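Count the sequence shown with my numbering and you get residues 140 to 428, in order.
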Amino acid sequence: MKNISLTQLRAGLVILCLSVLLSACSNRFIYNQLDWLVPWYLSDYVTLENYQKPEFKAALNQLLLWHRQTQLPEYADFLSQAADQIALGVSAEQVQQFMHKGDDFADALFQQFGVNFAPLMAKMTPEQQTELLENLSEKTAEYREKFIEPGKTKAIEYGVDKMRDFLEDWLGDLTPAQQQRLQRWGQDAVWMSPDFYQNRLAWQARLADAFKMPENSRLTTIKALFENRRQFWSDELNQKMATNQSVFSEFLADLLSSLDASQKQYLQRKLQDFQDDFTQLSKQVGSNS
């Protein structure tokens with residue numbers, strides 16, 4: 140399945156930052172350090188001037204408070220429902236519902252980032268605009284080099300390896316039969332990296348256009364960039380995504396039905412740990428420790 144420096148940038152980076160920090164380890168300490176980890180992470184994209192720091196800090200705090208108060212309780216509730224359903228057995232249709240809920244969470248974060256940071260992006264200096272666009276272009280070139288130029292076969296191998304790491308983190312070691320299921324999933328999935336590459340280019344081109352506009356029009360255009368993550372998706376990409384969601388849903392439902400007692404216990408414990416963390420974090424408003 141498959142991946143805040145200043146007044147900037149593509150909300151996909153926020154989604155990546157928050158989701159990676161949370162999924163890499165169920166760690167309340169890390170979440171509580173996002174107020175300084177996020178600026179450090181995004182400093183790769185734009186240099187923040189001293190006079191901009193207070194407004195940026197306020198926007199980041201608003202985003203994190205919104206996320207802690209409104210999103211984390213929903214995450215905890217979702218995991219509780221998912222754990223109950225998995226214990227009873229899940230169909231491919233139910234897995235699809237889980238995936239759609241995850242998309243809803245990502246959409247909400249993407250949109251909220253625009254609410255908090257589009258006004259700051261609209262006031263970036265010309266030098267910052269150039270710096271941001273150049274760094275985004277560099278990251279997109281790196282994406283092409285890593286995920287497209289090696290070709291479809293290598294991309295499939297990479298995707299299978301990443302999925303294996305993800306599954307073993309949540310289930311423990313996979314059995315030989317489960318490994319075979321995983322290989323079949325990789326063969327059945329449709330390659331989407333070139334389509335995502337085109338989406339990134341279109342998003343960046345629209346941002347570059349926005350920077351050429353007067354400030355009022357610029358703000359409206361930048362806000363619109365965050366209202367729909369899929370606004371630059373082609374019909375072909377939408378079709379491929381629907382296909383891959385169906386393929387993955389069938390795969391995951393089949394995989395979950397094959398879990399042994401140890402794997403079921405491992406998964407339920409992992410879900411409970413995350414649920415507990417999200418619940419506790421949602422109650423620590425104003426806490427940074």
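We put the beta carbon where it would ideally sit given N, CA and C, even for glycine.
Quick caveat: nothing in here was measured; it's all calculated off a predicted structure.
| Asked | Found |
| --- | --- |
| Would you mind stating whether residue 325 and residue 295 have Cβ atoms separated by less than 7 Å? | yes |
| What first and last residue would you give for the alpha helix (DSSP H) that runs through residue 240? | 231–261 |
| At what residues does the alpha helix (DSSP H) containing residue 422 begin and finish? | No alpha helix (DSSP H) contains residue 422, which DSSP labels as neither H nor E. |
| Please say whether residue 214 and residue 283 have beta carbons closer to each other than 7 Å? | no |
| Going by Cα to Cα distance, which pick from 351, 360, 221 is closest to residue 408? | 221 |
| Between which two residues does the alpha helix (DSSP H) holding residue 103 run? | Absent from the structure is residue 103, since the part of the chain shown begins at 140 and ends at 428. |
| Between residue 165 and the rest of its own chain, which residues show a CB-CB distance below 7 Å, the 5 nearest in sequence each way excluded? | Residue confidence is low: residue 165 scores 44 on pLDDT, short of 50, so the model does not pin down where it sits. Its coordinate-derived value is still stated next. The answer, listed in chain order, is 412, 413, 416. |
| Which value, in whole angstroms, describes the spacing of the CA atoms of residue 238 and residue 255? | 26 Å |
| Looking only at its own chain, which residues have a Cβ that is under 6 Å from the Cβ of residue 376, when we skip the five neighbours before and after it? | 334 |
| Determine the extent of the alpha helix (DSSP H) in which residue 385 is found, giving its start and end residues. | 374–396 |
| By a C-beta neighbour count over all protein chains shown, 10 Å radius and 16 as the cutoff for buried, is residue 388 buried or exposed? | buried |
| Put residue 200 into one of helix, strand or coil per three-state DSSP. | helix |
| With residue 219 as the anchor, note down where its alpha helix (DSSP H) starts and where it stops. | 211–227 |
| Is residue 316 helix, strand or coil by DSSP? | helix |
| Buried or exposed: residue 404, going by 16 or more other Cβ atoms within 10 Å of its Cβ? | exposed |
| Assign residue 195 to one of two classes, buried (16 or more other C-beta atoms within 10 Å of its C-beta) or exposed (fewer than that). | buried |
| Return the CA-CA distance between residue 420 and residue 368, expressed in angstroms with no decimal places. | 27 Å |
| Is residue 259 close to the ligand GDP? I mean its beta-carbon at under 6 Å from any heavy atom of the ligand. | The ligand GDP is not part of the structure shown, which contains no ligands of any sort. |
| I'd like to check one pair, residue 341 with residue 365: are the Cβ atoms closer than 7 Å? | no |
| Under three-state DSSP, which class holds residue 171? | coil |
| Going straight from the alpha carbon of residue 418 to that of residue 212, what length do you get? | 6 Å |
| By the DSSP assignment, the alpha helix (DSSP H) with residue 183 in it spans what residues? | Where residue 183 is concerned, there is no enclosing alpha helix (DSSP H), given that its DSSP letter is neither H nor E. |
| Could you check which residue in 218, 289, 245, 400 has the C-alpha nearest to that of residue 234? | 218 |
| So, is residue 338 buried or exposed, given that buried needs 16 or more other C-beta atoms within 10 angstroms? | buried |
| Measuring alpha carbon to alpha carbon, tell me which of 401, 402, 381 ends up nearest residue 232. | 381 |
| Use the C-beta contact count for residue 163: other C-beta atoms within 10 angstroms, 16 or more gives buried, fewer gives exposed. | Its pLDDT being 40, under 50, residue 163 is placed unreliably in this model, and the coordinates cannot settle the point. |
| Taking contact to mean 3 or more Cβ pairs, one atom from each stretch, closer than 8 Å, check whether the region 286–306 and the region 346–362 are in contact. | no |
| Suppose you measure from the CA of residue 273 to the CA of residue 323; what does that come to, to the nearest Å? | 39 Å |
| Put residue 348 into one of helix, strand or coil per three-state DSSP. | helix |
| Helix, strand or coil, according to DSSP, for residue 266 in the structure here? | helix |
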